[in-house]
Structure formats: structure tokens, C-alpha cells
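**Q** Could you have a look at this structure, given as C-alpha cells, before my questions?
Numbering (the working numbering), first residue to last: 5 to 99.
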């Protein structure tokens with residue numbers, strides 16, 4: 005799985021990068037056919053925004069999340085993506 009991490013108005017530190025990568029390995033356990041991930045971390049005033057687009061076999065999944073803490077925003081983002089990936093996987097297995 006290829007993870008592209010971009011920061012807008014934020015420096016991507018090693019700890020932030022490692023945190024994102026460790027969270028996405030959790031997603032990969034649910035659905036191993038994730039080809040490419042593009043994650044954008046953004047800071048606007050006091051809000052930390054994390055958004056991601058996953059390219060899967062058979063489609064794309066997009067989610068965004070906001071919080072005052074970037075790590076909490078990433079956690080919420082992973083939860084949203086996790087639900088969407090499971091839904092996508094169920095759709096594929098029904099056909």
C-alpha cells in the first residue's frame with residue numbers, strides 16, 4: 005500500500021508520518037486490496053483537518069475529519085474510512 009502524505013500549513017514530522025502509517029495498517033487488515041492512499045493534513049485557524057482518499061479495487065473511498073488535535077482528527081478519519089471500507093468490501097462480496 006502506497007501512502008502519500010501532504011501537509012497544508014503544517015510540517016509533517018516523523019512521529020506524525022509514523023502515526024498515520026500505523027493507523028492505515030489497521031485498515032489494511034480489514035481490506036488488503038488498498039492500492040493507493042492520499043492523505044492531506046491541513047490546519048485552518050484552530051481546526052486540524054485530516055482527509056484521505058483511498059483507491060481500492062473496484063472504487064474509491066473518501067473521508068474527512070476535523071478536531072482541535074491532529075492525532076484525534078486522524079483517529080476519527082480512520083474510523084470513518086474503516087466503516088466505508090467494510091461497507092465497500094460487503095458490496096463486493098454480495099455480487
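Beta carbons: idealized from backbone N, C-alpha and C, even for Gly.
These numbers come from a predicted model, not from an experiment.
1) For the beta strand (DSSP E) that residue 40 lies in, which residues bound it at each end?
2) Taking residue 17 as the reference, which of 34, 79, 74 has the closest Cα?
3) Apply the 10 Å Cβ neighbour rule to residue 26 and answer buried if 16 or more other Cβ atoms are within range, or exposed otherwise.
4) Take residue 13 and list the residues in its own chain whose beta-carbon comes closer than 6 Å to its own, dropping the five residues that flank it on each side.
5) From residue 40 to residue 11, what distance separates their C-alpha atoms?
6) Can you check which of these residues, 89, 88, 68, is closest to residue 51 by C-alpha distance?
7) Taking the CB atoms as reference points, tell me whether residue 35 and residue 89 lie closer together than 7 Å.
8) Looking only at C-alpha atoms, which of 72, 78, 56 sits nearest to residue 38?
9) Considering only the alpha carbon of each residue, which of 85, 9, 54 lies closest to residue 76?
**A** For this structure:
1) Within the chain shown, the letter at position 36 stands for residue 40. Where residue 40 is concerned, the enclosing beta strand (DSSP E) stretches over 38-48.
2) Taking the chain shown and counting its residues from 1, the one referred to as residue 17 is at position 13. For residue 17, the nearest C-alpha among the options comes from 74.
3) Residue 26 sits at position 22 when you count from the first residue of the chain shown. Under this definition residue 26 is an exposed residue.
4) The residue you call residue 13 lines up with position 9 of the chain shown. Taken in chain order, the residues that qualify are 47.
5) Here residue 40 corresponds to residue number 36 of the chain shown, with the count starting at 1. Here residue 11 corresponds to residue number 7 of the chain shown, with the count starting at 1. If you draw a straight line from the Cα of residue 40 to the Cα of residue 11, it is about 17 Å long.
6) As a working note, residue 51 is residue 47 in the chain shown. Checked all of 89, 88, 68; the closest Cα to residue 51 is 68.
7) Position 31 of the chain shown, counted from the start, is the residue given in the question as residue 35. Position 85 of the chain shown, counted from the start, is the residue given in the question as residue 89. It is a contact, given that the beta carbons lie within the stated cut-off.
8) As a first step, residue 38 must be located in the chain shown, where it is residue number 34. Nearest of 72, 78, 56 to residue 38, Cα basis: 56.
9) The count along the chain shown starts at 1 and reaches residue 76 at position 72. For residue 76, the nearest C-alpha among the options comes from 54.
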